[in-house]
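According to this note's numbering, the sequence shown holds residues 7 to 99 in order. Beta carbons: idealized from backbone N, C-alpha and C, even for Gly. Quick caveat, the model's predicted, so the values are computed rather than measured. Contents: one structure, followed by commentary.
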Amino acid sequence: MTTDTREQAPREKVVRQLKKRHDFYGHILIYVLVNAFLVVIWAVTDAHGFFWPVFPIGGWGIAVLMNAWDVYWQPEITEEDIQREMGRQDGRE
């Protein structure tokens, strides 16, 4: 049984994108759960003191935004991009 590579390549691309989206949702879930736990620790130990959970929330939030950019907004690599980079690499050798 042979597989048609013209149909297989777009399918693999969609599968990769769906996996990235699924992993992103897992990242969001862990981010919310862990940071909620840190806020609870802060509230139980010293609710009137400095809100120290802002540091992990903000730092990890930047990572979540970068992950979202990769999943939803990163431009696709086109054949033109590949050819341009190959030309640049050939010029260096």
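Taking 8 Å as the cut-off, the Cβ atoms of Lys19 and Val77 do not count as close.
One Cα belongs to Phe57, the other to Phe43, and the distance between them is close to 13 Å. About 6 Å separates the beta carbons of His33 and Asn73, which is inside the 8 Å limit, making them a contact pair. DSSP places Ile83 outside both helix and strand once states are collapsed to three, so it counts as coil. In the displayed model, Ala53 falls within coil according to three-state DSSP, outside both helix and strand.
When the beta-carbon positions are compared, Pro59 and Val45 come within less than 8 Å of each other.
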